[in-house]
Structures are given as C-alpha cells and as structure tokens.
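K.L.:
Read top to bottom, the protein sequences are chains A and B. By UniProt numbering, the letter at position 68 of the first sequence is numbered 68, and the numbering carries on one by one without gaps. By UniProt numbering, the letter at position 31 of the second sequence is numbered 31, and the numbering carries on one by one without gaps. Cβ atoms here follow ideal geometry from the backbone N, Cα and C, with glycine treated the same way. Next up is a structure, given as structure tokens.
There are 2 protein chains.
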Amino acid sequence: MSSSEGGSILRCTCLAFVFLSLCLVPRATAASAGTNRHIKEIFIGQCWYYTEYISQSLGENVQQNCTDLWEKFSRAWMYKDPCNVTMADYEPFVKAATVPGEVPTNKAVFWEAAYTLTHDYSGSRRRYVASADILTGYLGNHVFAWCGQEAEPGINFDSCPLEEDCPMFQGQYGGMWTAVSKAFAEVSTGVIQMILNGTTAGTNVAFNETSYFNLFELPNFPKAKVTRFQLMVFHDVGKTHKETCNNGSIPLLKKRLEELGFEYDCADDPSALRHILCLDDIESTECQFASKVLRPTSASNTIGTGFKTLVFGGILVLFYLIAIY
Amino acid sequence: MSSSEGGSILRCTCLAFVFLSLCLVPRATAASAGTNRHIKEIFIGQCWYYTEYISQSLGENVQQNCTDLWEKFSRAWMYKDPCNVTMADYEPFVKAATVPGEVPTNKAVFWEAAYTLTHDYSGSRRRYVASADILTGYLGNHVFAWCGQEAEPGINFDSCPLEEDCPMFQGQYGGMWTAVSKAFAEVSTGVIQMILNGTTAGTNVAFNETSYFNLFELPNFPKAKVTRFQLMVFHDVGKTHKETCNNGSIPLLKKRLEELGFEYDCADDPSALRHILCLDDIESTECQFASKVLRPTSASNTIGTGFKTLVFGGILVLFYLIAIY
C-alpha cells in the first residue's frame, strides 16, 4: 500500500491526491485534472466542518473564520502561473489557519512515503495527529487538485501541473506543503513519532535528504519542548526488508537527529503499524495472531518434539547403560 | 471502543455523533447541541467534496446537484417540530442523493453498535462501503447535530432533541436514518457483511429486533441479488465474550435470515476486526503476532520440555533396564 505512494519528493502530490487517486484510480487521471469547479464551496464547507470537529476534539471553541481563510488561501495561488507560487505566498493562510493547541503534546506523527498508513494510524485525531489532521493539512487534502492562471478567472479549471512539473518545493502544491510542514513541526512537542517506509519502490529510500521532513520539519521543531523522536520503520507485508533501523538511509537520519541534539528510539515493524498493514493482507504468515494460530501449533510441536526426545533420550541412556555394563 | 457506542436503538445518534461525540468528548455535550450555524455551507461543501470523491472511486462522473440536495434535505426538517419528522419526509432527499453504482457488488458492510469499527474496516471505500461511505450517509454524518423549529428561521441553533427523545424511528434523526438504511439495503448486492458486537454493554444485545438493521435493512435487500450474509461477531479485546455466533441473540438473527431465504456464514472475531481493535490494545495477549511472540517462546518451551522429557525418558528406560535385568 504505502510504498506505491512514491518517494518523499512526491509528498505534496501524495498529500493532495493519494487518498483518492493513488488508492482508487490511476494516478495520472486525477493528478493532471484541473481545479474542481466547486473548490470555494468545498474549501469553506470543509473548513467549517473541521473547525467544529477540532473544537469537539479539543473540548473548546475554535474561532477560525473560514471565509477569511479562503481569501488568504486563494490569494496565494490565484492569478499566478502555478509554478511561480512559493512557501511565502501561503504563509498568511497558514498563519491564520493554525489552531492553537491543535497538536497536543506527545500526539504528533510525521511520515515519509506513508500517507495512508500514517493517517490510518492517527485515526483522524482519535489516537494521534498527523499532517492531514490539522486544519491547514486537512484543507489541503480535501480540495483535490488546484492551480491558478494569470488570465481571468484566475483559476485553471482544465488542467494543473503535477508537483514534479514545478521546481522542487515550489508551485501551488510545493509552496503549500512546505508552509504546512514548517508550521506543523513548529507546534509539535513531547515525543515525536516518525513513520518511515522500509520497503520503498525503486531508488526511493526511507529517509530522503531532500524530503519535506528533512528540510522543512526537522529544522523547525521547538527543541526545548521535544522529548525524543520515536522512529518507526514499517515493511509492507511479504516484501523484502530493504531498509531497517540499522541499515539503509535510516542511520543517516539518526546521525542527523544526534547532530540536532535530539534523543531517539527506533523500532522495526511496531505492532500498531503491522496491524494496519495486515488489514489488507489477512492471510499472510506475518499477520497471524499468536492466540489463534501458534498455540495449537506450538502445542502439537511440543508433543511431537517431546515424543522424539523421549525415544532419542531412551536410546541414549540405553547405549550408555550397555556401555558401562 | 465499539461497545461504548450504545445499543442499536441509539444508532442514529451513533451515526450522527459517534465520530466526534462518543470518541472525543462526553456525549451529552454534543448531542444536546443545537444546529451548527454553518450547516448549509458544511452540507453543500461536503456534498461537492464527496460526489468528487465517489466519482474518483468509481472512475466515472457523479452528477448530483448539491444545492438541490440541500433544498431537499432541509425541507425534510426545517420549520417543523423535530419529533414530527418521519422517514417519508427524507425520501425525496434520499432518492435524489442516491448515486447509481455507489455500492459495488460484494462491498456492502452493515453493522449494529459498531460504527467506528465498521468504518475503520471499510476504510472510506478503500476496502468496503459502509453506511457513512455512501453520499446520504456521509452527509448525515458530517453535519453534526441538526433540527428544525416551527418559528423563524425554521432551524434551531440552540438545542436539538436527542434521537431517544423522540418516538422510536421518528424525529430529525430517526426519520433520516430509517430512510438512509432502507435505501442502502436496496442497493446492496452479492456477499453482505454484517458486523455484530458480542460485547455490548448492559442489557444491549448484538442483534436487536428493534434495530435499524432488522426493521429497515433486512426487509429491503434485493433478494435475488444477494449471494449470502457473512456475519462477523467481534469482542472488545480483553472483555468477556457475552455473545458469539452460537449464543445470545445471534442465533435469532440466523433464524431470521433463514426465514427470509438468505444463506449465511458466521465467524467469531475474524482477524480483520481483531487487527483494528488491537490498534487500541497493542499489549494485550490476544493482540500478539505469532511471528513476533510465540516462535521464540514456543522454541524455548520446546527446549525446556525436551530437556525434561530427556531426563524423564532416561530415568524410565533406566528403571526398565534394571527391572528386566
């Protein structure tokens, strides 16, 4: 599932489209689509929805003004050539849309090449808070493709460049996700969880030095408020363990964390991630429950082994006795 | 998690609020709230969002008109005393909002007292389609509390009755969910999955004869197009198995299915459901993976048992030899 989501350079595209495009329809179709005709209504409706959702999750009233947020969001990219949009263009929107307290201590989860897995793990704020569980990230992930054009009406409804069609970390998506990534890291405190993909496809790696995580998140955590990093390396069920906590690109990440003065732990295939991956691979060996499978098996093995040992032991003692006799 | 969602009589409330209220904040707070001030914008924005989401999931363009759907939805309950709303009032909305083909064959999942678990299992249409994964159900679950009043402005923004405050299957929620349940069953074909809660709280039971499922779904499946029912009984991790496939209220459901001429299978704690429940109970015995835990344990047990057997076997043979000698 997750490794098919592409490397971390494609993260914006993943963030924006993976939930639908990569999971459900061939990617090219959706990624090259133009802006949704109803983007303004979708943005504002989703914004009012999610501010109420966060309010209930936090038990306090969130005061964002969604019409104002649409103005700031659309001003970042409307009437502009898509690739001419930068992080700075989105900063007024991201600043206004950041909800105080929306990332409780010890709840933040970061990721590379693991959008779907990470968000299943966070459970839409039920367990943790990942990038699409904060207001800015939620909105970016719920408006489908979007891009501007210099000519009227300032929005291109026919076709939008993909993230990789613009210079790295620029464009309508690159600008947005760099700003969101930076802001998310800035408010993340306590234990920071980081999900890494140990089974990336092709030449992709688990920790990419030109990733959003390395360039826009790692430098922006509030150092004094971060307890440690909990690295979690998952492997798609049944796939070769291309990288683990101790090999591949992950030791580079550990070194980087040390340089920055962060403590860390690293776990390969923690059970929580395995449970999620197993939902789509119920029958595989790695997905069997001990209580369902191995108790009977191990019991019969023990009996089998015990019986063999009994015979073998008897013969040994017999030979010993004959010998000493 | 799921057993705390209450019995199936409370299902409307669950459908409408569980995602937030029951998971995140004390239930009374949200359930007694009035209509969200931005309900119209939320409804229309979510509607355009979800029609596009379903379009991408189906690979074809869904043509619903969301402004028209809002008119039909709001007409069902605006300017009315909340408890005076019935299933018939919502039928024009449900009819207009039903998307052809939105429930592919073998994909439908039904449930009683298991909203969150079921929707984690369906994965928002990635794996299956549950009640909140069709347009009508999605909308009902994404507008928070709502209710009307006879006086202007026709909407009560201050306080709404809970589902159980109105006569059963009536009111702004009861009317909606009876109509949605009926329509969902009518388009469900192939293998029908049904998730049942074997660890309900108090006097609640897994299969409730006065449930939405029994009264509004079971009678409305297209018989000729249903292959069989796959009943799945889950038990909250670490809890007593109050009901299983073979006891409690579930045999009643089997009898009912037989009477209706449906074939069925029943499984207690299928692995997929267990994996989801284990996400919130990683350490419990029932949640351990065979590959992680029991192989080493069973190996050391085998060695221990083997050694004991060796000694015991040796002694036995020794006695035997002494005896025959």
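Please state the DSSP three-state secondary structure of Gly101(A).
P.N.:
In this structure, Gly101(A) counts as coil in the three-state DSSP scheme.
K.L.:
Closer than 7 Å by beta-carbon distance: list the chain A residues that pair up with Phe221(B), in chain order.
P.N.:
Under the 7 Å cutoff, chain A gives no residues; its nearest Cβ is about 26 Å from Phe221(B).
K.L.:
Which residues in chain A sit within 9 Å of Ile134(B), going by Cβ to Cβ distance?
P.N.:
Result: empty, since nearest Cβ-Cβ is about 15 Å, beyond 9 Å.
K.L.:
Report yes if the C-beta distance between Ile192(B) and Phe157(B) is below 9 Å; otherwise report no.
P.N.:
no
K.L.:
Is the number of C-beta pairs between the stretch 207 to 222 of chain B and the stretch 92 to 103 of chain B that are closer than 8 Å three or more?
P.N.:
no
K.L.:
Express the C-alpha separation of Ala179(B) and Phe262(A) in angstroms, rounding to a whole number.
P.N.:
55 Å
K.L.:
Taking contact to mean 3 or more Cβ pairs, one atom from each stretch, closer than 8 Å, check whether the stretch 249 to 268 of chain A and the stretch 212 to 226 of chain A are in contact.
P.N.:
yes
K.L.:
If the cut is a Cβ gap below 8 Å, which residues of chain A does Thr35(B) touch?
P.N.:
Contacts between Thr35(B) and chain A, judged by CB atoms closer than 8 Å, are missing: the closest CB pair is about 11 Å apart.
K.L.:
Given this structure, state the Cα-to-Cα distance separating Leu139(B) from Leu162(B), to the nearest angstrom.
P.N.:
18 Å
K.L.:
For Gln63(B), count neighbouring C-beta atoms within 10 Å of its own C-beta (all shown protein chains included) and say buried if the count is 16 or more, exposed if not.
P.N.:
Exposed, because fewer than 16 other Cβ atoms sit within 10 Å of the Cβ of Gln63(B).
K.L.:
Check each candidate in Lys225(A), Glu150(A), Val103(A) and name the one with the smallest Cα separation from Asn84(A).
P.N.:
Glu150(A)
K.L.:
If we count Cβ pairs, one from each stretch, closer than 8 Å, do we get three or more for the stretch 240 to 253 of chain B versus the stretch 246 to 260 of chain A?
P.N.:
With a cut-off of 8 Å, the stretch 246 to 260 of chain A and the stretch 240 to 253 of chain B do not count as touching, because too few Cβ pairs lie within range.
K.L.:
Answer yes or no: does any C-beta atom of chain A fall closer than 9 Å to that of Asp158(B)?
P.N.:
Nearest CB-CB separation between Asp158(B) and chain A: not below the 9 Å threshold.
K.L.:
Any beta carbon of chain A sitting closer than 9 Å to that of Ser21(B)?
P.N.:
Annotation note: pLDDT 35 at Ser21(B) (below 50); position unreliable, coordinate value reported separately. For Ser21(B), the answer is yes, since a Cβ of chain A falls inside 9 Å of its Cβ.
K.L.:
Does any C-beta atom of chain B lie closer than 9 Å to the C-beta of His241(A)?
P.N.:
no
K.L.:
Mapping the DSSP letters down to three states, classify Val256(A) as helix, strand or coil.
P.N.:
Before going further, note that residue 256(A) is Arg rather than Val in the sequence given. Note: Arg256(A) maps to helix in three-state DSSP.
K.L.:
Using CA atoms only, rank isn't needed, just tell me which of Ala224(A), Asn246(A), Thr227(A), Ser57(A) is closest to Ile234(A).
P.N.:
A quick correction: the sequence has Phe, not Ile, at residue 234(A). Comparing Cα-Cα distances from Phe234(A) to each of Ala224(A), Asn246(A), Thr227(A), Ser57(A), the minimum goes to Asn246(A).
K.L.:
Locate the alpha helix (DSSP H) running through Arg274(A), then write down its first and last residues.
P.N.:
271 to 278
K.L.:
Straight-line CA distance for Pro104(B) to Arg125(B)?
P.N.:
10 Å
K.L.:
Would you report the Cα separation of Glu71(B) and Cys287(A), rounded to the nearest angstrom?
P.N.:
48 Å
K.L.:
How big is the Cα-Cα spacing for Asp68(A) and Gly174(B)?
P.N.:
36 Å
K.L.:
Listing by chain order, which chain A residues have their CB less than 9 Å from the CB of Glu163(B)?
P.N.:
Those within 9 Å of Glu163(B) in chain A number zero; the least Cβ separation is about 18 Å.
K.L.:
How would you label Gly202(A), buried or exposed, when you count the other beta carbons within 10 angstroms and need 16 or more for buried?
P.N.:
exposed
K.L.:
Where do the ends of the beta strand (DSSP E) carrying Cys266(A) lie?
P.N.:
264 to 268
K.L.:
At what residues does the beta strand (DSSP E) containing Val191(A) begin and finish?
P.N.:
190 to 197
K.L.:
I want to verify the contact list: residues of chain B whose CB lies under 7 Å from the CB of Gln170(A), in sequence order.
P.N.:
Under the 7 Å cutoff, chain B gives no residues; its nearest Cβ is about 26 Å from Gln170(A).
K.L.:
Using beta carbons (cut-off 9 Å, strictly below), is Ile44(A) in contact with chain B?
P.N.:
yes
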